[in-house]
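*Asks:*
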Amino acid sequence: MGPAEDPTVHSDASEDSDEDTTPSSAKRARSSRACVACRRMKTRCEFDEALGNACKLCIRARRQCVMQSLPRRRRPKTTDRVADLERKIDALTALLSNKESTKSTEASPTAADTRNASQHQLSPSTQAPSALDTLIADVLNRGILDWSTACLAFDQYNQKMCHFFPFIVFPATSTADIVKQQQPLLFFAIVTVALRLTQSNMATELIDMLAKDLSLRIMYNGERSLELVQTLLMYTLYYSKPKYARELNFNQIVHIASTMSLDLGLGRRSHKDSSAQTQDLNQLESLAGRRAWLGCYYLATSASISLRHPAFVRWSVYIEECLNVLSSEPQALPSDAWLCDLIRLQHIAEDASVVFAMDDPGSFVTLNDPQTRYQVGSFRQRLEHWHRYCETSLQRKILSYVRHTEAIVSLYIHESALHSEHHNIDDFRLPLTGAGSEAAVQDMTSSWENLQFPAARIESLFACLAAIHACFDAMLSMDLATVCALPNMFFVRTGYAAWALRKLSTICESQAQANGQFSLDTKDLKFEEYLSSFIELLAKVHAETGSQVVRAFYIVMTQIKAHAAAGKAGVNEFPPRCPERPASSHLKPVDSASQQLDPTIPVDAEPVILPPQSQLDGRTPYFLQQGMPSWAQGGFDDSVMSSLEALQWLDQDFVFEDNPMYGPGGIN
Numbered sequence: 001m002g003p004a005e006d007p008t009v010h011s012d013a014s015e016d017s018d019e020d021t022t023p024s025s026a027k028r029a030r031s032s033r034a035c036v037a038c039r040r041m042k043t044r045c046e047f048d049e050a051l052g053n054a055c056k057l058c059i060r061a062r063r064q065c066v067m068q069s070l071p072r073r074r075r076p077k078t079t080d081r082v083a084d085l086e087r088k089i090d091a092l093t094a095l096l097s098n099k100e101s102t103k104s105t106e107a108s109p110t111a112a113d114t115r116n117a118s119q120h121q122l123s124p125s126t127q128a129p130s131a132l133d134t135l136i137a138d139v140l141n142r143g144i145l146d147w148s149t150a151c152l153a154f155d156q157y158n159q160k161m162c163h164f165f166p167f168i169v170f171p172a173t174s175t176a177d178i179v180k181q182q183q184p185l186l187f188f189a190i191v192t193v194a195l196r197l198t199q200s201n202m203a204t205e206l207i208d209m210l211a212k213d214l215s216l217r218i219m220y221n222g223e224r225s226l227e228l229v230q231t232l233l234m235y236t237l238y239y240s241k242p243k244y245a246r247e248l249n250f251n252q253i254v255h256i257a258s259t260m261s262l263d264l265g266l267g268r269r270s271h272k273d274s275s276a277q278t279q280d281l282n283q284l285e286s287l288a289g290r291r292a293w294l295g296c297y298y299l300a301t302s303a304s305i306s307l308r309h310p311a312f313v314r315w316s317v318y319i320e321e322c323l324n325v326l327s328s329e330p331q332a333l334p335s336d337a338w339l340c341d342l343i344r345l346q347h348i349a350e351d352a353s354v355v356f357a358m359d360d361p362g363s364f365v366t367l368n369d370p371q372t373r374y375q376v377g378s379f380r381q382r383l384e385h386w387h388r389y390c391e392t393s394l395q396r397k398i399l400s401y402v403r404h405t406e407a408i409v410s411l412y413i414h415e416s417a418l419h420s421e422h423h424n425i426d427d428f429r430l431p432l433t434g435a436g437s438e439a440a441v442q443d444m445t446s447s448w449e450n451l452q453f454p455a456a457r458i459e460s461l462f463a464c465l466a467a468i469h470a471c472f473d474a475m476l477s478m479d480l481a482t483v484c485a486l487p488n489m490f491f492v493r494t495g496y497a498a499w500a501l502r503k504l505s506t507i508c509e510s511q512a513q514a515n516g517q518f519s520l521d522t523k524d525l526k527f528e529e530y531l532s533s534f535i536e537l538l539a540k541v542h543a544e545t546g547s548q549v550v551r552a553f554y555i556v557m558t559q560i561k562a563h564a565a566a567g568k569a570g571v572n573e574f575p576p577r578c579p580e581r582p583a584s585s586h587l588k589p590v591d592s593a594s595q596q597l598d599p600t601i602p603v604d605a606e607p608v609i610l611p612p613q614s615q616l617d618g619r620t621p622y623f624l625q626q627g628m629p630s631w632a633q634g635g636f637d638d639s640v641m642s643s644l645e646a647l648q649w650l651d652q653d654f655v656f657e658d659n660p661m662y663g664p665g666g667i668n
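Each residue of the sequence shown is one higher than the one before, starting from 1 at the first, in UniProt numbering.
1. What residue ranges within the region 219-275 form continuous beta strand (DSSP E) runs of no fewer than 3 residues, ordered along the chain?
2. Taking residue 462 and residue 502 to be in contact with their CB atoms under 8 Å, please state how far apart those CB atoms are, rounded to whole angstroms.
3. Once you ignore the five residues that flank residue 140 on each side, which residues in its own chain have a CB closer than 8 Å to its CB?
4. Enumerate in chain order the residues of its own chain whose CB-to-CB distance from residue 494 is below 6 Å, with the five nearest sequence positions on each side excluded.
5. Nearest-angstrom Cα distance between residue 467 and residue 508?
6. On the criterion of 16 or more Cβ atoms from any shown chain inside 10 Å, does residue 251 qualify as buried, or is it exposed?
7. Mind listing, in chain order, the continuous alpha helix (DSSP H) runs of no fewer than 4 residues lying wholly within the region 453-505?
8. Does any residue of chain D have a CB that is nearer than 7 Å to the CB of residue 310?
9. Using only alpha-carbon positions, find the residue among 537, 499 and 544 that is nearest to residue 562.
10. So what's residue 573 in DSSP terms, helix, strand or just coil?
11. Cα-Cα, which of 456, 59, 44 and 43 is closest to residue 50?
12. In three-state DSSP terms, what is residue 726?
13. With 16 as the cutoff for other CB atoms within 10 Å, does residue 530 come out buried or exposed?
14. Under the rule that 16 or more other beta-carbon atoms within 10 Å means buried, what is residue 48, buried or exposed?
15. State the start and end residues of the unbroken alpha helix (DSSP H) segment that holds residue 414.
16. In chain order, what are the residue ranges of uninterrupted alpha helix (DSSP H) at least 4 long that sit wholly in the region 534-570?
17. For residue 534 and residue 472, what's the separation of their Cα atoms in angstroms?
18. Smallest Cα separation from residue 556: which of 538, 158, 543 and 152?
19. Looking at the structure shown, is residue 35 part of a helix, part of a strand, or coil, going by DSSP?
20. In or out: residue 605 buried (at least 16 other Cβ within 10 Å) or exposed?
21. Can you grab the Cα-Cα spacing for the pair residue 201 / residue 540, in whole Å?
22. Quick one: Cα of residue 269 to Cα of residue 257, how far?
23. Tell me residue 55's beta-bridge partners as DSSP assigns them.
24. From which residue to which residue does the alpha helix (DSSP H) around residue 184 run?
25. Report the rounded CA-to-CA distance for residue 670 versus residue 156, giving the unit in angstroms.
26. May I ask which residues mark the beginning and end of the alpha helix (DSSP H) holding residue 390?
27. State the Cα-Cα distance for the pair residue 296 and residue 247, rounded to the nearest angstrom.
28. Please determine, among 212, 552, 565 and 253, the residue with the shortest C-alpha to C-alpha distance to residue 505.
29. Cutting at 6 Å between CB atoms, please list the residues of its own chain near residue 488, excluding the five before and the five after it.
30. Taking the Cβ atom as the reference point for each residue, do residue 259 and residue 185 lie within a distance shorter than 7 Å?
31. Going by other Cβ atoms of all chains shown within 10 Å of its Cβ, with 16 needed for buried, is residue 291 buried or exposed?
32. How many Å lie between residue 458 and residue 409 at the Cα?
33. Determine whether the beta carbon atoms of residue 544 and residue 484 lie at a separation below 7 Å.
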């Protein structure tokens, strides 16, 4: 018989129990436990102090009431956790003591330089800036930038720059000090892009620091925040190549911002009521978060349209919700009205890109198809509806930019008329190959005569011409200070209009030679007048700001103008495709006596390696026979943006083939 079944054994006298053997402890044990007999029969075990230590059921059955002994409870082991906490406390204490000793030894004037030199010896994970060591604080402490200049740059952004693309705006109560404390990285980006209008040399150094910091935060540390998204948007709008960058990566940056926004949940609706949202800058569903997502949509779709890539961010129900909130929210800013109209206009361009398959060269889109003509008319009606209902007070102040944006979208929805019958979306992509033999020229001439120009295509061509003229008129009507503050996308779109005008000029000239159905005097295109005025404006902007982006587009526009002039003169201006230029190559300046054509046409004189064939023939490309300003004659320094990189904004190649640009092959 075990101890549990021994009649003489009771819970109050158990040797295995850790409880006291006092009557009070036995009473507590019995009050919470049943005897062995009641446990086996699964009956209620009731005790009566007047009857003794036995339960009522055992007394009635005349058996001894045996209580089962309580098992020994195992105490939880906390020694490991305590030891772990002690180690952490010791490490924290040592870190604080080292920090105090470091502060006491940094009283010398060269302490900042010593600290910067020691940071290069640390691991990359320790170089991430903390809340007390931000970029703006670093440049202020090192004397690169003073606080008064930073405040003036911030005010200049709010007054002259933010209204073009109001993705990042601040209320009137937000001062430079408040934004610096709450969003130091965004404040540094704003100051950097604003300083490029007045102090381009300082801005170049700050841009390099910003690019390195963003790379460390995003690519290495994997940080994600609304402030980072806003900083990336600001960096993309006024993108300038870092000092040692090999290629332009604005397309990657804007899609990094879009991907980060999706990871943060900016691109989807929540279950909360929008009226319950607050004005906290760090809340993802605040008005600032909605503006940031709209900025990601606009820049991502603009890059896809310009580069003819599939769109990564598309129109969604949440974008429509953001527009409704920004249109009706009492806390919305005046610039939000233009932001909503800008996004709705971009929606038209996005739909046109999908309907006309602008990212698919293999698609078949022609204006001979009634469905295509109906879709062009539908987009034209949508654009007219947008123009009718977008009149706001803010847009009247920037009416020139509104007209420019509307003209670019109009040109884009009618661009199919500029394509050949096979919908070649690469018609604007260099090099454009022409005919290589007389037989090919005769075939092309016969195709001109058979080329059909229905009324819908002629109407679209005239619409393209009107849009191009409106684009250049809006650009040239702005004052110099406004043009200097424009984002880079403005110059990209104007370059797109210049390509389209050159293409339209080629169509008119070829149809006149073939006695075609479409006849338009090339003088009505005003190609020479607009290109000359725009090139002159770019020269003034570069003289004012020293922007390398403006310099690169100056070279591109000059080349377009020179190509047209050389084509009229019958000059074979392009050598065969040449290899890459080594960094040590140079070209001797051409004597002024070799200028055979109009000497007033400024053309690119960047160093170019002539292929052996052109050297043997004694030929010099036409665009090397002219003079260029000294600031446009860039070498191979990595900090100087060349025309090759400028053409990357339009997804173009720089090297040309031995055929006249926009030759007869461009319209077939």
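Even for Gly, the Cβ is constructed at its ideal location relative to N, Cα and C.
*Replies:* Per the coordinate set shown:
1. none
2. Numbered from its first residue, the sequence shown carries residue 462 at position 462. Numbered from its first residue, the sequence shown carries residue 502 at position 502. Not quite, the Cβ-Cβ distance comes to about 17 Å (not below 8 Å), so this is no contact.
3. Stepping through the sequence shown from its first residue, residue 140 is reached at position 140. Around residue 140: 146, 147 and 150.
4. Your numbering for residue 494 matches position 494 in the sequence shown. Closer than 6 Å at the Cβ level, and outside the excluded window around residue 494, lie 475.
5. Counting from 1 along the sequence shown, the entry for residue 467 is found at position 467. Counting from 1 along the sequence shown, the entry for residue 508 is found at position 508. When rounded, the distance between both Cα atoms is 17 Å.
6. Taking the first residue of the sequence shown as position 1, residue 251 is located at position 251. Buried, since its Cβ has 16 or more Cβ neighbours within 10 Å.
7. 455-477 and 480-484
8. Protein chains in the displayed structure number just one, and chain D is not present.
9. For this step, residue 562 is matched to residue 562 along the sequence shown. Answer by Cα proximity: 499.
10. Indexing the sequence shown from 1 puts residue 573 at position 573. For residue 573, the predicted model reports a pLDDT of 43, less than 50, meaning its position is unreliable; a value from the coordinates is still stated below. The answer is coil: DSSP assigns residue 573 none of H, G, I, E or B.
11. Indexing the sequence shown from 1 puts residue 50 at position 50. Nearest option by C-alpha distance: 59.
12. Beyond the ends of the chain as shown, which are 1 and 668, falls residue 726; an answer cannot be given.
13. Mapped onto the sequence shown, residue 530 falls at position 530. So residue 530 ends up on the buried side.
14. Within the sequence shown, residue 48 is the residue found at index 48, counting from 1. Label assigned to residue 48: exposed.
15. Residue numbering aside, residue 414 sits at position 414 when the sequence shown is read from its first letter. First-last for residue 414: undefined, no H or E at that position.
16. 548-569
17. Start at 1 with the first residue of the sequence shown, and residue 534 comes out as number 534. Start at 1 with the first residue of the sequence shown, and residue 472 comes out as number 472. Cα to Cα, residue 534 sits roughly 8 Å from residue 472.
18. Here residue 556 refers to the residue found at position 556 when the sequence shown is read from its first residue. Residue 538 is the option with its Cα nearest to residue 556.
19. Within the sequence shown, numbered from 1, the residue matching residue 35 stands at position 35. If DSSP states are grouped into helix, strand and coil, residue 35 belongs with the strands.
20. Position 605 of the sequence shown, counted from the start, is the residue given in the question as residue 605. Annotation note: pLDDT 34 at residue 605 (below 50); position unreliable, coordinate value reported separately. By the 10 Å Cβ count, residue 605 comes out buried.
21. Here residue 201 refers to the residue found at position 201 when the sequence shown is read from its first residue. Here residue 540 refers to the residue found at position 540 when the sequence shown is read from its first residue. For residue 201 and residue 540, the distance between alpha carbons rounds to 18 Å.
22. Within the sequence shown, residue 269 is the residue found at index 269, counting from 1. Within the sequence shown, residue 257 is the residue found at index 257, counting from 1. Near 18 Å, if we compare the C-alpha coordinates of residue 257 and residue 269.
23. Against the sequence shown, residue 55 aligns to sequence position 55. Residue 55 is bridged to 47.
24. Looking up residue 184 in the sequence shown gives position 184. Where residue 184 is concerned, the enclosing alpha helix (DSSP H) stretches over 184-195.
25. Nothing about residue 670 can be reported from this structure: the residues present for the chain run from 1 to 668 only.
26. Numbered from 1 along the sequence shown, position 390 holds the residue referred to as residue 390. It is not in any alpha helix (DSSP H) - residue 390 carries neither H nor E in the DSSP assignment.
27. Stepping through the sequence shown from its first residue, residue 296 is reached at position 296. Stepping through the sequence shown from its first residue, residue 247 is reached at position 247. Rounded to the nearest angstrom, the two C-alpha atoms are 22 Å apart.
28. Counting from 1 along the sequence shown, the entry for residue 505 is found at position 505. The shortest Cα separation from residue 505 among 212, 552, 565 and 253 belongs to 565.
29. Position 488 of the sequence shown holds residue 488. So the list reads 239 and 549, once near-sequence residues are dropped.
30. Locating residue 259 in the sequence shown gives position 259, where the first residue counts as 1. Locating residue 185 in the sequence shown gives position 185, where the first residue counts as 1. Taking 7 Å as the Cβ cut-off, residue 259 and residue 185 do not qualify as a contacting pair.
31. Taking the sequence shown and counting its residues from 1, the one referred to as residue 291 is at position 291. Buried, because 16 or more other Cβ atoms sit within 10 Å of the Cβ of residue 291.
32. Mapped onto the sequence shown, residue 458 falls at position 458. Mapped onto the sequence shown, residue 409 falls at position 409. Roughly 18 Å between the two C-alpha positions.
33. In the sequence shown, residue 544 corresponds to position 544, counting from 1. In the sequence shown, residue 484 corresponds to position 484, counting from 1. Yes, Cβ-Cβ distance for residue 544 and residue 484 is below 7 Å.
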